[in-house]
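Below you'll find the structure, written out as structure tokens, and then a few comments.
2 protein chains.
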Amino acid sequence: MPTDVLEETVLGSIRPTSFQTIKQDVLHKIRAGIWKSGAYIPGEQELSEKYGCSRTTVNRALRELADSGVLERRRKAGTKVSSTSVQAARLWIPIVRQEIEDRGQDYGYKLLEKTIEPAPAAISKILSIEETTDVICVKCLHYADDIPYQLEERWLNPAAVPEAKDQSFDEMGPNEWLVMTQPVADMEHVFTASNATKEQAGLLDIKEKDALFVIERRTWSEHHTITVVRFFSPGARYKMVSQV
Amino acid sequence: MPTDVLEETVLGSIRPTSFQTIKQDVLHKIRAGIWKSGAYIPGEQELSEKYGCSRTTVNRALRELADSGVLERRRKAGTKVSSTSVQAARLWIPIVRQEIEDRGQDYGYKLLEKTIEPAPAAISKILSIEETTDVICVKCLHYADDIPYQLEERWLNPAAVPEAKDQSFDEMGPNEWLVMTQPVADMEHVFTASNATKEQAGLLDIKEKDALFVIERRTWSEHHTITVVRFFSPGARYKMVSQV
DNA sequence: GAGTGGTCTAGACCACCTG
DNA sequence: AGGTGGTCTAGACCACTCA
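The listed protein sequences correspond, in order, to chains S and P. If you want the numbering used here, it's the 1-based position in the first sequence plus 2. If you want the numbering used here, it's the 1-based position in the second sequence plus 2.
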């Protein structure tokens, strides 16, 4: 057993080397420059001996590091420190109400419009339905401490959620309603920026052309595209944070 | 052994039930509404018997689903389907050059400015250094097919990367240089939107006040904040996609 | 062909939390 | 107090891919 591992054992706990300890140690070795970018690191077998634990434990540590883009692994070739800076970051996408309440602000909601109309060409394409089909269109506004926080424009596929037709969305936003009633589904997010239209500026109490942070979310269930929604938030007030 | 598992076995492979099969089956049950939002699902022990595999395998499947926010787990309480729509999405943050070349466009680079100057108050705070300390400031432009794609404003902490002082950044952008020479480190990303200043508009060949998608990235090594960088991209041309 | 990572097992102990 | 998930082990077989 090499001395540095022995030190770890003495300094650390008596419990067996955990995969988390190994993760930290690998990160340390990379950050300290001991294992350089692009270089191959020892195999699982060797590491398990050095750390004095089973290969399964080493495997979990290295696997998780590979999942987050720190390491690259290939059978037979081995494991190396990632040289590309393509990093996988974890992004938490909260529901609006929670986001606001978590910051200790009062959440407010106002329905602006709910209509059932034939899908515009662009929307029918996104929802993968015929152009003539009716879709439910909901526009609403979310407030933080009575200040407009986010504008929501949503199209719902009635074939996927027929109950939405009878839902007024007067009191509860479509987001919350969907979360409560619909099973968890696959999502795709597209982030971009746009200039506020005159209408958007009026609703959000900002100036026309002010920068908006735009989140477009598509949601699928087993057989349908459920909904597509765009959230517009004033860029001056909105930040989305991700940490690895 | 229950019939549905038997079916799986007959329809699928002869190999033992893998954690991936279980993940898919759990997702299916959730999407199909068999396991509803907020409801508790069977424990690992019970599931391992139903799937005819070891508890370890079930554990891995459920753990990964919990990691991505689909399930919530607590000891003793059990595992339930997430009721909040707080979803963890995986975000791939590529280096600019790769991003452009992956789309089959030509990558171009131009250094605008490289100075060494006392850190402005805002930057020294972010880099966790004294205000009087010198920092390296680099401004450069990235092109896709000769069209301005992204404006980069970077501050480097000389204490963390002394070699950066001697680097001209004439030919190679600081991003690529850092990736090649510095060990992988911890990162934080903040996404927001802003209006282009007159100067930014000129450089990016857009109109003043046009919406910009802004990525701010901070990078740490073991002992220092290495760098803080802001990437400005025209919102009309830039999209960042994340999928679970 | 052979070495690496990818996965599964059966069993075990433990930390945490709820009832 | 007891059940649940969290983790570790030792061993095994396999898939992939490099030389």
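The beta carbon of each residue, even a glycine, is placed where N, CA and C say it ideally should be. Since this is a predicted model, take the numbers as computed values, not measurements.
Proximity of residue i and residue j at Cβ, strictly below 9 Å
i        : j        : result
S:VAL72  : S:VAL137 : no
P:THR227 : P:LEU129 : yes
P:SER39  : S:PRO164 : no
P:THR81  : P:TYR53  : no
S:PRO160 : S:LYS167 : yes
P:PHE234 : P:GLU155 : yes
S:TRP157 : S:CYS139 : yes
S:SER196 : P:ALA213 : yes
P:ALA146 : P:ASP207 : no
P:THR194 : S:TYR42  : no
P:ILE24  : P:THR59  : yes
S:ARG92  : P:LEU93  : yes
Closest by C-alpha distance to residue i, when choosing among the options
i        : options                              : result
P:LYS211 : P:GLY237, P:ARG75, P:LYS78, P:ILE217 : P:GLY237
S:THR117 : S:LEU143, S:GLN169, S:ARG99          : S:GLN169
S:ILE95  : S:VAL192, S:GLY80, S:GLU51           : S:VAL192
S:VAL243 : S:GLU101, S:THR23, S:SER85, S:SER223 : S:GLU101
P:ASN223 : S:GLN26, S:THR23, S:ILE24, S:ALA34   : Residue identity check: residue 223 of chain P is Ser in the sequence provided, not Asn. For P:SER223, the nearest C-alpha among the options comes from S:ALA34.
P:SER85  : P:ALA91, P:ARG75, P:THR183           : P:ARG75
S:ASP69  : S:THR194, S:VAL83, S:GLY106          : S:VAL83
S:GLY106 : S:VAL216, S:ASP148, S:HIS225         : S:ASP148
Interface residues of chain P facing residue i [CB-CB closer than 9 Å]
i        : result
S:ILE102 : Going along chain P, no residue has its Cβ under 9 Å from S:ILE102, so there is no contact; the nearest lies around 13 Å.
S:LEU206 : Those do not exist, as S:LEU206 stays about 13 Å from chain P at its closest Cβ, beyond 9 Å.
CA-to-CA distance, residue j to residue i, given in whole angstroms
i        : j        : result
S:ILE36  : S:PRO44  : 12 Å
P:ASP188 : S:CYS55  : 27 Å
S:GLN202 : S:VAL181 : 26 Å
P:LEU247 : S:ASN61  : Missing from the structure shown is residue 247 of chain P; chain P here goes from 3 to 246 and no further.
P:GLY110 : P:VAL98  : 10 Å
P:LEU113 : P:LYS209 : 22 Å
S:SER50  : S:ARG57  : 5 Å
S:GLU173 : S:LYS200 : 26 Å
P:GLN47  : S:GLN22  : 25 Å
P:THR135 : P:GLU218 : 22 Å
P:GLU115 : P:VAL231 : 14 Å
S:TRP179 : S:PHE171 : 8 Å
P:PHE215 : P:LEU153 : 11 Å
P:GLU190 : P:LYS127 : 15 Å
P:GLN26  : P:HIS225 : 42 Å
P:GLU103 : S:ASP104 : 40 Å
Buried or exposed (CB count within 10 angstroms, at least 16 for buried), residue i
i        : result
S:TYR151 : buried
P:ALA162 : buried
P:ARG220 : buried
S:THR229 : buried
P:ILE131 : buried
P:ALA124 : exposed
P:ALA121 : buried
P:HIS144 : buried
P:GLU9   : The predicted model places P:GLU9 with a pLDDT of 38, which falls under 50 and marks its position as unreliable; any figure quoted below should be read in that light. The residue in question, P:GLU9, is exposed, as its Cβ has fewer than 16 Cβ neighbours within 10 Å.
Proximal chain S residues relative to residue i, where beta-carbon distance stays under 8 Å
i        : result
P:GLY35  : PRO185
P:TYR109 : Residues of chain S passing the Cβ test: none, with the nearest at roughly 15 Å.
P:SER85  : VAL181, MET182
Cross-chain neighbours of residue i in chain P, by beta carbon under 7 Å
i        : result
S:GLY237 : THR194, ALA195, SER196
S:ALA213 : ALA195, SER196, ASN197, ALA213, LEU214
S:SER56  : Result: empty, since nearest Cβ-Cβ is about 13 Å, beyond 7 Å.
Closer than 8 Å at the beta carbon, the chain P residues around residue i
i        : result
S:SER50  : Neighbours of S:SER50 on chain P: none; closest Cβ ~17 Å, over 8 Å.
S:MET242 : VAL192, PHE193, THR194
S:ARG92  : ALA90, ALA91, ARG92, LEU93
S:SER223 : ARG33
Closer than 9 Å at the beta carbon, the chain S residues around residue i
i        : result
P:GLU201 : In chain order: nothing, as chain S lies at least about 16 Å away.
Residue i Cβ short of 8 Å to the ligand HEM heavy atom set
i       : result
S:SER56 : The model on display carries no ligand, and the ligand HEM is accordingly not part of it.
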